[in-house]
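Engineer: Numbering (the working numbering), first residue to last: 29 to 572. Cβ coordinates follow ideal geometry from the N, Cα and C atoms, glycine included. What follows is a single structure, and I will ask about it in a moment.
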Amino acid sequence: MKRTVQKILGIVFGVGLVAAAFAANPNAIIPAPVKAGARDGQFQLTAASRLLTDRELKSEGQLLAARLRLATGFALKIKSAKEKINAGDILLTTNGADASFGAEGYALSVSSNCVVIRAPAPAGIFYGTQSLLQLMPPEIFSAKPVPVMAWTIPCIDISDAPRFVWRGFMLDVSRHFFTKPEVERVLDLMALYKLNTFHWHLVDDQGWRIQIKKYPKLTEVGAWRKAIGFGLASNSATAYDKNGRYGGFYTQRDIRDVVAYAAARHITTVPEIEMPGHSMAALSAYPQFSCTGGPFDPDHDGGVYNGIYNVSDDATYVFLGNILREVAKLFPGEFIHIGGDEVPKETWHASPACQVFMKSQGLKNERELQSYFTGRIEKIVNADGKRIIGWSEIREGGLTPSAALMDWIGGGAESAASGHDVVMAPTKYCYIDHYQSTNHAAEPRAIGGFLPLERVYEFEPLPDKLAPEFDSHVLGGQANLWAEYIPNLRQVEYMMFPRLAALAEVDWSPKAARSWEGFQTRARLNEKRLELLGVNYRPLAKPE
Ligand code: ACM
29 MKRTVQKILG IVFGVGLVAA AFAANPNAII PAPVKAGARD GQFQLTAASR
79 LLTDRELKSE GQLLAARLRL ATGFALKIKS AKEKINAGDI LLTTNGADAS
129 FGAEGYALSV SSNCVVIRAP APAGIFYGTQ SLLQLMPPEI FSAKPVPVMA
179 WTIPCIDISD APRFVWRGFM LDVSRHFFTK PEVERVLDLM ALYKLNTFHW
229 HLVDDQGWRI QIKKYPKLTE VGAWRKAIGF GLASNSATAY DKNGRYGGFY
279 TQRDIRDVVA YAAARHITTV PEIEMPGHSM AALSAYPQFS CTGGPFDPDH
329 DGGVYNGIYN VSDDATYVFL GNILREVAKL FPGEFIHIGG DEVPKETWHA
379 SPACQVFMKS QGLKNERELQ SYFTGRIEKI VNADGKRIIG WSEIREGGLT
429 PSAALMDWIG GGAESAASGH DVVMAPTKYC YIDHYQSTNH AAEPRAIGGF
479 LPLERVYEFE PLPDKLAPEF DSHVLGGQAN LWAEYIPNLR QVEYMMFPRL
529 AALAEVDWSP KAARSWEGFQ TRARLNEKRL ELLGVNYRPL AKPE
């Protein structure tokens, strides 16, 4: 479906025009649109400009008005799209939109007289407003009014729609905790680049971050550790309680707020409730659901990773089912991520109960035991009207019927070819917790590896070996930010940018329109925007 939209736009408008259009337009957009045709002349926004919107596009109109007001100081009136458009106005409407633009595509027309963003659905309108902002002087991203500025926009016609439906970013809030406003800032930054999926890694060995009403100890115990851990300086973070414990969690109200904040920016939030491994935090609170009975290091940082659920016990499924039911109610999206990576199967191997259980179920090895577990969890999640997605390893003992796979260490091509949806997040291209330089001394401490900007830009979400008839099962690509060595938001931003902008272009723009040279030019222009937004980006000029 999604590539059909681009095919239609490509045929009608000609993808080959894109590079030329951007050479002529210094205020270029990231991600590059499918088609942009610059025209002579310019539009000028003034204090008398109005925003005309359909009733159902009020939120998109308000977000645009708020952004414009910060930098221009203009309190633009928002009026009905039914009013006659005047010179200087901006119109946002679904009326008369071409359905072939799909759920996220849009047409943006800037003439010297007015601006019109037309799209079949609100998401497309929102993306049109993001493109519009990037056509304006970068000062439009200032947090306070910039005096003596002419707010001009070059005349242009853009027709645009994304290549992939899943344009993702994962933030690990377990290893280090980021507050609700910090998460909302991350969402704002994602939205600028038309990313639409926020994978919220809420649970891991080192912290359980989501309030579950039925099991309060998950956060009373599991959300806190004695110290920051990972050998980091205690003052590199601020997430301490009054007793000096490190951690934090989101109340269900916080979760709803973040989900709504994301939704207003057309971002779907996918919660990850990691299981059956990486579960030390949960099991330090409820050790009865483990294989060994515990005790588990309450600091979750002991390097002992036998914190794995006892999957032979029905009580474990009742516990996880109750958790997942609360989670399902908080997240309206289609998917719940259930983790599944790096399960320490030696613990199951050493567990008499698990061994007896495997025999009783005819399971040949612990990989099959994990698939058995995933299958039971899948049924629980499906009963709540959701689908599961899990890391590469959930396919090792056989992929369960409706599961989608998140490929970090393989299996994406094979899974797509067998009819499963996949999201591609291979470590080589998508792990933005890795260093951006081989000169580690010049960088903030990172987990290791080397992922320069150009490599992210080279990422191709469609696996080489996948036959084209299965392409539609590749939902898209995602960048992952694990936070072991990321104790604060400034460092999050440093790891995100500019690499997340490159990933956004990979996920959105037609492959044929991608140009590393062109991207670098636009990424340099984009630095001014990031600077005005106060983002701690890594400059392109800094040596790798
Ligand atoms: C992972 O990076 N362990 C999914």
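#1: Can you name the residues that DSSP bridges to residue 463?
#2: From residue 463 to residue 542, what does the alpha carbon distance come to, in whole angstroms?
#3: Could you round the C-beta distance between residue 99 and residue 174 to whole angstroms and report it? I think they count as a contact, below 8 Å.
#4: Counting Cβ pairs closer than 8 Å, one from the region 412-419 and one from the region 363-372, do we hit at least three?
#5: Should residue 235 be labelled buried (16 or more other beta-carbon atoms within 10 Å of its own) or exposed?
#6: Which word fits residue 242, buried or exposed, when buried means at least 16 other C-beta atoms lie within 10 angstroms of its C-beta?
#7: What does DSSP give as the partner residues of residue 286 in its beta bridges?
#8: Ordered along the chain, which non-local residues of its own chain (more than five positions away) have a Cβ less than 7 Å from that of residue 406?
#9: Kindly indicate which residue of 540, 290 and 233 has the alpha-carbon position closest to the one of residue 306.
#10: Does DSSP classify residue 554 as helix, strand or coil?
#11: Report yes if the C-beta of residue 455 is less than 8 Å from at least one heavy atom of the ligand ACM; otherwise report no.
#12: Mind checking which residues open and close the alpha helix (DSSP H) that includes residue 457?
#13: So within the region 224-266, which uninterrupted beta strand (DSSP E) runs reach at least 3 residues, ignoring any that extend past its ends?
#14: What residue does the beta strand (DSSP E) around residue 187 start on, and which one ends it?
#15: Any idea what DSSP makes of residue 104, helix, strand or coil?
#16: DSSP beta-bridge partners for residue 415?
#17: Do the CB positions of residue 465 and residue 315 come within less than 9 Å of each other?
#18: What residue does the beta strand (DSSP E) around residue 312 start on, and which one ends it?
#19: What residue range is occupied by the uninterrupted beta strand (DSSP E) comprising residue 198?
#20: Got a sec? Which residues, its chain only, sit under 7 Å from residue 437 by beta carbon, not counting five neighbours each side?
#21: From 186, 521, 511 and 483, pick the residue whose C-alpha is nearest to that of residue 530; which is it?
#22: Straight-line CA distance for residue 276 to residue 325?
#23: Taking only heavy atoms of the ligand ACM into account, decide whether any of them is closer than 8 Å to the Cβ of residue 424.
#24: Just the Cα atoms here: how many angstroms apart are residue 31 and residue 444?
#25: So for residue 279, helix, strand or coil by DSSP?
#26: Classify residue 146 as buried or exposed, calling it buried when 16 or more other Cβ atoms lie within 10 Å of its own Cβ.
#27: Can you determine whether any heavy atom of the ligand ACM sits closer than 8 Å to the C-beta of residue 134, and answer yes or no?
#28: Collect the residues with a C-beta less than 5 Å away from any heavy atom of the ligand ACM and give them in sequence order along the chain.
#29: For residue 219, tell me which candidate among 101, 95, 248 and 341 has the shortest Cα-Cα distance.
#30: Which whole-angstrom value is the C-beta distance of residue 65 and residue 181, which I expect to be below 8 Å?
#31: If you drop the 5 nearest sequence neighbours on each side, which residues of the same chain put their C-beta closer than 6 Å to that of residue 254?
Structural biologist: According to the data block:
#1: By 1-based counting over the sequence shown, the position of residue 463 is 435. DSSP lists 478 as partners of residue 463.
#2: Translated into the one-based positions of the sequence shown, residue 463 becomes position 435. Translated into the one-based positions of the sequence shown, residue 542 becomes position 514. Rounded to the nearest angstrom, the two C-alpha atoms are 24 Å apart.
#3: Locating residue 99 in the sequence shown gives position 71, counting from the first residue. Locating residue 174 in the sequence shown gives position 146, counting from the first residue. At roughly 6 Å, the Cβ-Cβ gap stays under 8 Å, so residue 99 and residue 174 are in contact.
#4: Contact between the region 412-419 and the region 363-372 is present, because at least three Cβ pairs lie under 8 Å.
#5: Counting from 1 along the sequence shown, the entry for residue 235 is found at position 207. It counts as buried.
#6: In the sequence shown, the residue the question calls residue 242 occupies position 214. Exposed is the call here.
#7: Here residue 286 corresponds to residue number 258 of the sequence shown, with the count starting at 1. Looking at the DSSP output, residue 286 shares a beta bridge with no other residue.
#8: Indexing the sequence shown from 1 puts residue 406 at position 378. Taken in chain order, the residues that qualify are 416, 428, 430 and 431.
#9: Along the sequence shown, read from residue 1 onward, the residue named residue 306 stands at position 278. Residue nearest to residue 306 within the set 540, 290 and 233 is 233 (criterion: CA-CA distance).
#10: Position 526 of the sequence shown, counting from 1, holds the residue named residue 554. For residue 554, the three-state secondary structure derived from DSSP is helix.
#11: Along the sequence shown, read from residue 1 onward, the residue named residue 455 stands at position 427. Yes, the ligand ACM has a heavy atom inside 8 Å of this Cβ.
#12: Along the sequence shown, one-based indexing puts residue 457 at 429. Per DSSP, residue 457 belongs to the alpha helix (DSSP H) from 455-458.
#13: Entirely contained in the region 224-266, the beta strand (DSSP E) runs reaching 3 residues are, in chain order, 225-229.
#14: As a position in the sequence shown, residue 187 is number 159, starting the count at 1. Looking at the DSSP string, the run of the beta strand (DSSP E) that includes residue 187 is 179-188.
#15: On the sequence shown, residue 104 is found 76 positions in, with the first residue counted as 1. Secondary structure at residue 104: coil, using DSSP grouped into helix, strand and coil.
#16: Sequence index remark: in the sequence shown, residue 415 carries index 387 (1-based). 363.
#17: Looking up residue 465 in the sequence shown gives position 437. Looking up residue 315 in the sequence shown gives position 287. Contact: no.
#18: Looking up residue 312 in the sequence shown gives position 284. Residue 312 -> not in any beta strand (DSSP E); alpha helix (DSSP H) instead, spanning 308-313.
#19: Working through the sequence shown from its first residue, we reach residue 198 at position 170. 194-200 is the span of the beta strand (DSSP E), which, as asked, contains residue 198.
#20: Here residue 437 refers to the residue found at position 409 of the sequence shown. Cβ neighbours of residue 437 beyond the five flanking positions: 420 and 455.
#21: In the sequence shown, residue 530 corresponds to position 502, counting from 1. 483 is the residue among 186, 521, 511 and 483 whose C-alpha sits nearest the C-alpha of residue 530.
#22: Locating residue 276 in the sequence shown gives position 248, where the first residue counts as 1. Locating residue 325 in the sequence shown gives position 297, where the first residue counts as 1. Taking the straight line from one Cα to the other gives about 18 Å.
#23: For the purposes of this step, residue 424 is taken as the residue at position 396 of the sequence shown. The ligand ACM has no heavy atom closer than 8 Å to the beta-carbon of residue 424.
#24: Along the sequence shown, one-based indexing puts residue 31 at 3. Along the sequence shown, one-based indexing puts residue 444 at 416. A caution first: residue 31 carries a pLDDT of 48, below 50, which makes its placement in the model unreliable, though a value can still be read off. Here the alpha carbon of residue 31 sits roughly 16 Å from the alpha carbon of residue 444.
#25: Reading the sequence shown from its first residue, position 251 is the one you call residue 279. Correct three-state label for residue 279: coil.
#26: Translated into the one-based positions of the sequence shown, residue 146 becomes position 118. With 16 or more other Cβ atoms within 10 Å, it is buried.
#27: Indexing the sequence shown from 1 puts residue 134 at position 106. Answer for residue 134: no, Cβ out of range of the ligand ACM.
#28: Every residue passing the under-5 Å Cβ criterion appears here: 369, 419 and 436.
#29: Within the sequence shown, numbered from 1, the residue matching residue 219 stands at position 191. Ranking 101, 95, 248 and 341 by Cα distance to residue 219 puts 95 first.
#30: Within the sequence shown, the letter at position 37 stands for residue 65. Within the sequence shown, the letter at position 153 stands for residue 181. Not confirmed; about 14 Å, so no contact.
#31: By one-based count along the sequence shown, residue 254 stands at place 226. Excluding residues within five positions, the ones whose Cβ falls inside 6 Å are 327.
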